[in-house]
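K.L.:
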Amino acid sequence: MSSFRKALKSQQQQKNHRERSQPGFRKHLGHLEKKKDYKLLTSDYHKNPNTLNPDEFYFKMVSSQLKDGVHVSNKAKGTEEENTEEQRKLMRTQDIRYVEMKRVAEGKKIERLKSELHLLDADGKQKNGHAFYVGSKQKVADFDLASHLDTAPELVDRVYNWTTLHMPESKTIQGAVEPLSIKVNRKHQYNILSQRIDREKKMFVIGQKIQTRKDLHDKNEKVSKETVNASAVYKFEAKRKR
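In this note's numbering, the protein residues as written are 838 to 1079.
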């Protein structure tokens, strides 16, 4: 009996720990969600699938209506577009193997362009350089790179195809020599490279969307919606393999 009284006394002396409310400096953000609020939200979210047949229910039933015998989605204005017109056209007419083949081809062209453009400032790549060794400090002060390489001073800045002065005049110098033409040519090549990178990303997204539509024949549950830059994510039931 004494142990019961001690337990009752300690229980009465204990402080009731309550969930803290929204701090004063954050009241403009509204009510601070508690565990009971989260339970209400989750129970309401799963109410329809649990009430109806889970094999037949999908949430688009709630956000669509029947017009002239056709189901029309009540999509709010300003919502993000799922597919572009180009993506819809390719997904209707082309197979996933064709899309993957085009994506791999674009990837190879991108790698070749990068190697041609000498992307020395690319991440993960070490910058190349040329080191020349001389015998004394006086030779370092008097060192002339153009005369050492036996080339014209205008060609010293090039990191490839150094042309010597003793080459025949009939032989043409490969590549642009004037700084302005070099700059224009480089800008044009970088524009082509950026276009190919964008095209390769689009082909990757289209391939993902086609593969997702093929996988939808199995029982699944949508996790995230489809956008222009990514395919929808579904969660499939785990199947035991023999």
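Ideal Cβ positions, reconstructed from N, Cα and C, are used throughout, including at glycine.
Just list the residues that DSSP pairs residue 910 with in beta bridges.
P.N.:
901
K.L.:
By a C-beta neighbour count over all protein chains shown, 10 Å radius and 16 as the cutoff for buried, is residue 866 buried or exposed?
P.N.:
exposed
K.L.:
Nearest CA to the CA of residue 855: which residue from 844, 848, 871, 864?
P.N.:
871
K.L.:
Does DSSP put residue 958 in a helix, a strand or coil?
P.N.:
Caution is warranted here: a pLDDT of 45 is assigned to residue 958, below 50, making its placement in the model unreliable, and no coordinate value can be reported.
K.L.:
In chain order, what residues of the same chain have a beta carbon less than 7 Å from the beta carbon of residue 947, not counting five sequence neighbours either side?
P.N.:
Contacts found: 1030, 1033, 1034, 1037.
K.L.:
Could you name the residues of the same chain whose beta carbon sits closer than 7 Å to that of residue 868, not counting the 5 residues immediately before and after it, in chain order?
P.N.:
859
K.L.:
For residue 847, which three-state DSSP category applies?
P.N.:
helix
K.L.:
Ends of the alpha helix (DSSP H) at residue 860?
P.N.:
Unbroken run through residue 860: none, as it is neither H nor E.
K.L.:
Touching or not, the region 1041-1050 and the region 1061-1070, by the rule of three or more beta carbon pairs under 8 Å?
P.N.:
yes
K.L.:
Measure how close the beta-carbons of residue 1128 and residue 951 come, nearest whole angstrom, since I'm counting them as under 8 Å.
P.N.:
Beyond the ends of the chain as shown, which are 838 and 1079, falls residue 1128; an answer cannot be given.
K.L.:
Please report the residue range of the alpha helix (DSSP H) in which residue 877 lies.
P.N.:
Note, residue 877: alpha helix (DSSP H), 872-882.
K.L.:
Residue 983 by DSSP, collapsed to three states: which one?
P.N.:
When secondary structure is reduced to three states using DSSP, residue 983 falls in the helix class.
K.L.:
So, is residue 936 buried or exposed, given that buried needs 16 or more other C-beta atoms within 10 angstroms?
P.N.:
buried
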